[in-house]
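In the numbering used here, the protein residues as written are 1 to 263.
The next block holds one structure in the form of C-alpha coordinates; read it before the comments.
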(Lines of atoms letter the chains of each structure in order from A and count residues from 1; the text may use other names and numbers.)
(Lines give C-alpha, C1' and ligand atoms only; values in the text may rest on other atoms or scores of the structure.)
Protein backbone atom coordinates (compact mmCIF):
# COMPACT_ATOMS: atom_id res chain seq x y z
CA UNK A 1 0.00 0.00 0.00
CA UNK A 2 1.34 3.42 -0.94
CA UNK A 3 1.75 6.16 1.65
CA UNK A 4 -1.06 8.07 -0.08
CA UNK A 5 -3.42 5.08 0.14
CA UNK A 6 -2.50 4.55 3.79
CA UNK A 7 -3.29 8.17 4.60
CA UNK A 8 -6.62 7.96 2.75
CA UNK A 9 -7.49 4.77 4.64
CA UNK A 10 -6.61 6.32 7.99
CA UNK A 11 -8.77 9.37 7.27
CA UNK A 12 -11.63 7.15 6.11
CA UNK A 13 -11.58 5.16 9.34
CA UNK A 14 -11.71 8.35 11.39
CA UNK A 15 -14.66 9.52 9.27
CA UNK A 16 -16.49 6.22 9.82
CA UNK A 17 -15.87 6.21 13.56
CA UNK A 18 -17.21 9.76 13.83
CA UNK A 19 -20.31 8.68 11.94
CA UNK A 20 -20.86 5.77 14.33
CA UNK A 21 -20.50 8.08 17.33
CA UNK A 22 -22.85 10.68 15.83
CA UNK A 23 -25.44 8.03 15.01
CA UNK A 24 -25.56 6.68 18.56
CA UNK A 25 -28.10 9.25 19.75
CA UNK A 26 -30.36 8.65 16.72
CA UNK A 27 -30.61 4.86 16.95
CA UNK A 28 -33.53 4.76 19.45
CA UNK A 29 -35.61 7.15 17.32
CA UNK A 30 -34.92 5.24 14.10
CA UNK A 31 -35.80 1.97 15.80
CA UNK A 32 -39.02 3.51 17.13
CA UNK A 33 -40.10 4.61 13.64
CA UNK A 34 -39.57 1.08 12.33
CA UNK A 35 -41.34 -0.66 15.21
CA UNK A 36 -44.35 1.70 15.09
CA UNK A 37 -44.48 2.02 11.29
CA UNK A 38 -44.28 5.80 11.49
CA UNK A 39 -42.17 8.32 9.62
CA UNK A 40 -40.32 6.52 6.82
CA UNK A 41 -39.53 3.02 8.16
CA UNK A 42 -37.84 1.87 4.96
CA UNK A 43 -35.45 4.82 4.96
CA UNK A 44 -34.72 4.13 8.62
CA UNK A 45 -33.91 0.50 7.80
CA UNK A 46 -31.49 1.52 5.07
CA UNK A 47 -29.88 4.07 7.40
CA UNK A 48 -29.40 1.44 10.08
CA UNK A 49 -28.00 -0.87 7.42
CA UNK A 50 -25.35 1.70 6.54
CA UNK A 51 -24.57 2.08 10.23
CA UNK A 52 -24.09 -1.69 10.53
CA UNK A 53 -21.79 -1.70 7.50
CA UNK A 54 -19.78 1.08 9.10
CA UNK A 55 -19.36 -1.04 12.22
CA UNK A 56 -18.32 -4.03 10.11
CA UNK A 57 -15.57 -2.03 8.44
CA UNK A 58 -14.26 -0.64 11.73
CA UNK A 59 -14.35 -4.11 13.29
CA UNK A 60 -11.89 -5.33 10.68
CA UNK A 61 -9.76 -2.37 9.67
CA UNK A 62 -9.35 -1.05 13.22
CA UNK A 63 -9.54 -4.23 15.31
CA UNK A 64 -8.97 -7.15 12.89
CA UNK A 65 -12.03 -8.83 14.42
CA UNK A 66 -13.39 -11.10 11.69
CA UNK A 67 -16.20 -12.46 13.85
CA UNK A 68 -17.53 -8.96 14.53
CA UNK A 69 -17.15 -8.08 10.85
CA UNK A 70 -19.29 -11.07 9.86
CA UNK A 71 -21.83 -10.37 12.60
CA UNK A 72 -22.26 -6.72 11.62
CA UNK A 73 -22.43 -7.72 7.94
CA UNK A 74 -25.25 -10.10 8.82
CA UNK A 75 -27.12 -7.30 10.59
CA UNK A 76 -26.59 -4.97 7.62
CA UNK A 77 -27.80 -7.59 5.16
CA UNK A 78 -30.82 -8.47 7.27
CA UNK A 79 -31.81 -4.82 7.54
CA UNK A 80 -31.60 -4.47 3.76
CA UNK A 81 -33.63 -7.66 3.33
CA UNK A 82 -36.33 -6.25 5.61
CA UNK A 83 -36.38 -3.01 3.62
CA UNK A 84 -36.69 -4.91 0.34
CA UNK A 85 -39.60 -6.95 1.71
CA UNK A 86 -41.33 -3.75 2.79
CA UNK A 87 -41.18 -2.08 -0.65
CA UNK A 88 -40.04 -3.93 -3.77
CA UNK A 89 -38.84 -2.11 -6.88
CA UNK A 90 -36.41 -2.55 -9.76
CA UNK A 91 -34.64 0.79 -9.43
CA UNK A 92 -30.86 1.15 -8.97
CA UNK A 93 -29.85 -2.39 -9.98
CA UNK A 94 -26.18 -1.56 -9.61
CA UNK A 95 -26.66 -0.51 -6.00
CA UNK A 96 -28.60 -3.69 -5.32
CA UNK A 97 -25.78 -5.80 -6.72
CA UNK A 98 -23.30 -4.01 -4.46
CA UNK A 99 -25.42 -4.76 -1.38
CA UNK A 100 -24.58 -8.43 -1.95
CA UNK A 101 -21.35 -7.56 -0.13
CA UNK A 102 -23.02 -7.84 3.27
CA UNK A 103 -24.68 -11.28 2.95
CA UNK A 104 -21.59 -12.67 1.22
CA UNK A 105 -19.27 -11.33 3.89
CA UNK A 106 -21.51 -12.62 6.68
CA UNK A 107 -21.23 -16.22 5.39
CA UNK A 108 -24.85 -16.71 6.45
CA UNK A 109 -26.38 -19.15 3.96
CA UNK A 110 -30.01 -18.27 4.67
CA UNK A 111 -29.41 -14.57 4.11
CA UNK A 112 -27.39 -15.04 0.93
CA UNK A 113 -29.87 -17.52 -0.54
CA UNK A 114 -32.68 -15.05 0.07
CA UNK A 115 -30.90 -12.32 -1.90
CA UNK A 116 -29.91 -14.77 -4.64
CA UNK A 117 -33.56 -15.67 -5.20
CA UNK A 118 -35.16 -12.25 -4.83
CA UNK A 119 -35.72 -11.78 -8.55
CA UNK A 120 -38.29 -9.02 -8.12
CA UNK A 121 -35.42 -6.63 -7.33
CA UNK A 122 -34.46 -6.67 -11.03
CA UNK A 123 -36.28 -5.78 -14.23
CA UNK A 124 -36.25 -9.09 -16.17
CA UNK A 125 -36.31 -7.38 -19.56
CA UNK A 126 -33.41 -5.06 -18.82
CA UNK A 127 -31.49 -7.81 -17.01
CA UNK A 128 -31.38 -9.72 -20.31
CA UNK A 129 -30.27 -6.71 -22.37
CA UNK A 130 -26.47 -6.81 -22.37
CA UNK A 131 -26.26 -3.10 -23.17
CA UNK A 132 -27.70 -2.15 -19.76
CA UNK A 133 -26.23 -1.83 -16.28
CA UNK A 134 -29.02 -4.13 -15.13
CA UNK A 135 -27.37 -6.92 -17.12
CA UNK A 136 -24.09 -6.41 -15.26
CA UNK A 137 -25.88 -6.32 -11.91
CA UNK A 138 -27.84 -9.52 -12.53
CA UNK A 139 -24.69 -11.45 -13.44
CA UNK A 140 -23.87 -11.74 -9.74
CA UNK A 141 -27.22 -13.38 -9.00
CA UNK A 142 -26.68 -16.00 -11.69
CA UNK A 143 -23.13 -16.58 -10.44
CA UNK A 144 -24.26 -17.12 -6.85
CA UNK A 145 -26.92 -19.54 -8.09
CA UNK A 146 -24.23 -21.44 -10.02
CA UNK A 147 -26.13 -21.53 -13.32
CA UNK A 148 -22.91 -21.93 -15.33
CA UNK A 149 -24.32 -22.47 -18.80
CA UNK A 150 -26.54 -19.42 -18.55
CA UNK A 151 -23.68 -17.36 -17.14
CA UNK A 152 -21.32 -18.52 -19.87
CA UNK A 153 -23.80 -17.67 -22.61
CA UNK A 154 -24.42 -14.20 -21.21
CA UNK A 155 -20.69 -13.49 -20.88
CA UNK A 156 -19.98 -14.57 -24.44
CA UNK A 157 -22.80 -12.35 -25.68
CA UNK A 158 -21.66 -9.19 -23.90
CA UNK A 159 -17.96 -9.74 -24.65
CA UNK A 160 -18.70 -10.34 -28.34
CA UNK A 161 -20.79 -7.17 -28.58
CA UNK A 162 -19.73 -4.83 -25.75
CA UNK A 163 -21.92 -1.91 -24.72
CA UNK A 164 -20.94 1.34 -26.42
CA UNK A 165 -21.74 3.48 -23.39
CA UNK A 166 -18.48 4.65 -21.83
CA UNK A 167 -19.84 4.02 -18.35
CA UNK A 168 -20.24 0.31 -19.07
CA UNK A 169 -16.89 -0.31 -20.74
CA UNK A 170 -15.04 -0.36 -17.41
CA UNK A 171 -17.18 -3.33 -16.39
CA UNK A 172 -16.11 -5.61 -19.23
CA UNK A 173 -13.43 -7.13 -17.01
CA UNK A 174 -16.21 -8.20 -14.65
CA UNK A 175 -17.74 -10.27 -17.42
CA UNK A 176 -14.30 -11.77 -18.05
CA UNK A 177 -14.32 -12.83 -14.40
CA UNK A 178 -17.77 -14.35 -14.74
CA UNK A 179 -16.75 -16.25 -17.86
CA UNK A 180 -13.71 -17.63 -16.05
CA UNK A 181 -15.96 -18.59 -13.14
CA UNK A 182 -18.38 -20.40 -15.43
CA UNK A 183 -15.42 -22.31 -16.91
CA UNK A 184 -13.77 -22.99 -13.55
CA UNK A 185 -10.58 -21.21 -14.66
CA UNK A 186 -8.98 -19.99 -11.41
CA UNK A 187 -5.96 -18.19 -12.97
CA UNK A 188 -8.29 -16.23 -15.27
CA UNK A 189 -10.55 -15.37 -12.32
CA UNK A 190 -7.56 -14.10 -10.38
CA UNK A 191 -6.32 -12.07 -13.34
CA UNK A 192 -9.70 -10.37 -13.74
CA UNK A 193 -9.94 -9.53 -10.04
CA UNK A 194 -6.39 -8.16 -10.04
CA UNK A 195 -7.41 -5.80 -12.83
CA UNK A 196 -10.39 -4.65 -10.76
CA UNK A 197 -8.23 -3.86 -7.70
CA UNK A 198 -5.54 -2.09 -9.73
CA UNK A 199 -5.19 1.52 -8.48
CA UNK A 200 -6.46 3.06 -11.72
CA UNK A 201 -9.49 0.76 -11.78
CA UNK A 202 -10.30 1.42 -8.13
CA UNK A 203 -10.22 5.15 -8.86
CA UNK A 204 -12.34 4.80 -12.01
CA UNK A 205 -14.94 2.80 -10.10
CA UNK A 206 -15.10 4.98 -7.00
CA UNK A 207 -18.86 5.36 -7.51
CA UNK A 208 -19.19 1.67 -6.64
CA UNK A 209 -18.19 2.47 -3.07
CA UNK A 210 -20.13 3.98 -0.20
CA UNK A 211 -18.75 6.41 2.32
CA UNK A 212 -18.03 3.41 4.53
CA UNK A 213 -16.11 1.26 2.04
CA UNK A 214 -14.22 3.83 -0.05
CA UNK A 215 -10.44 3.75 0.49
CA UNK A 216 -10.83 0.44 2.35
CA UNK A 217 -11.98 -2.18 -0.16
CA UNK A 218 -13.07 -2.78 -3.72
CA UNK A 219 -16.64 -3.94 -3.16
CA UNK A 220 -16.98 -5.72 -6.54
CA UNK A 221 -13.65 -7.51 -6.03
CA UNK A 222 -14.74 -8.76 -2.60
CA UNK A 223 -18.07 -9.91 -4.02
CA UNK A 224 -16.42 -11.80 -6.87
CA UNK A 225 -13.78 -13.43 -4.70
CA UNK A 226 -16.39 -14.54 -2.16
CA UNK A 227 -18.58 -15.99 -4.90
CA UNK A 228 -15.59 -17.91 -6.26
CA UNK A 229 -14.75 -19.31 -2.83
CA UNK A 230 -18.38 -20.32 -2.23
CA UNK A 231 -18.16 -22.47 -5.34
CA UNK A 232 -14.87 -24.03 -4.26
CA UNK A 233 -12.52 -21.86 -6.31
CA UNK A 234 -9.95 -20.56 -3.83
CA UNK A 235 -8.71 -17.48 -5.60
CA UNK A 236 -5.75 -15.64 -4.09
CA UNK A 237 -5.22 -11.95 -4.75
CA UNK A 238 -2.58 -9.83 -3.04
CA UNK A 239 -4.25 -6.45 -2.64
CA UNK A 240 -4.96 -4.11 0.28
CA UNK A 241 -8.42 -3.61 -1.22
CA UNK A 242 -9.30 -7.30 -0.86
CA UNK A 243 -8.56 -8.78 2.59
CA UNK A 244 -7.59 -12.40 1.96
CA UNK A 245 -8.76 -13.31 5.48
CA UNK A 246 -12.33 -12.53 4.42
CA UNK A 247 -12.45 -15.15 1.69
CA UNK A 248 -12.70 -18.60 3.36
CA UNK A 249 -16.32 -19.65 3.84
CA UNK A 250 -16.72 -20.04 7.60
CA UNK A 251 -20.19 -19.27 8.99
CA UNK A 252 -20.44 -18.17 12.60
CA UNK A 253 -21.84 -20.66 15.10
CA UNK A 254 -24.71 -18.25 15.66
CA UNK A 255 -25.82 -14.82 14.48
CA UNK A 256 -27.45 -12.13 16.62
CA UNK A 257 -30.29 -10.09 15.11
CA UNK A 258 -29.17 -7.07 17.18
CA UNK A 259 -32.54 -5.35 16.71
CA UNK A 260 -35.68 -6.94 18.19
CA UNK A 261 -37.73 -6.09 15.09
CA UNK A 262 -35.46 -8.39 13.05
CA UNK A 263 -36.13 -11.42 15.26
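Cβ atoms here follow ideal geometry from the backbone N, Cα and C, with glycine treated the same way.
Since this is a predicted model, take the numbers as computed values, not measurements.
Only residues of its own chain outside the window of five on either side were considered, and among them 98, 219 and 220 have a CB closer than 7 Å to the CB of residue 208, listed in chain order. By the beta-carbon neighbour count (other beta carbons within 10 angstroms, threshold 16), residue 189 is buried.
Assigned with DSSP and collapsed to three states, residue 193 falls in helix. Look at residue 28 here: in three-state DSSP terms it is helix.
Counting along the chain, the unbroken alpha helix (DSSP H) around residue 113 starts and ends at 109–116. The continuous alpha helix (DSSP H) containing residue 143 extends over residues 133–145.
By the 16-neighbour rule on beta-carbons within 10 angstroms, residue 87 is exposed. In this structure, residue 144 places its C-beta atom within 7 Å of the C-beta atom of residue 116. The alpha-carbon of residue 131 is positioned some 43 Å away from that of residue 24. CA-CA distance, residue 120 to residue 214, rounds to 28 Å. Contact between residue 235 and residue 196 does not hold, since the beta-carbon distance rounds to 12 Å and is not under 8 Å. By the criterion of a C-beta distance shorter than 7 Å, residue 52 is surrounded in its chain by 72, 75, 76 and 79, once the five residues flanking it on both sides are discounted.
With fewer than 16 other Cβ atoms from the protein chains shown falling within 10 Å of its own Cβ, residue 169 counts as exposed. In the three-state reduction of the DSSP assignment, residue 210 falls in the coil class, being assigned neither a helical nor a strand state.
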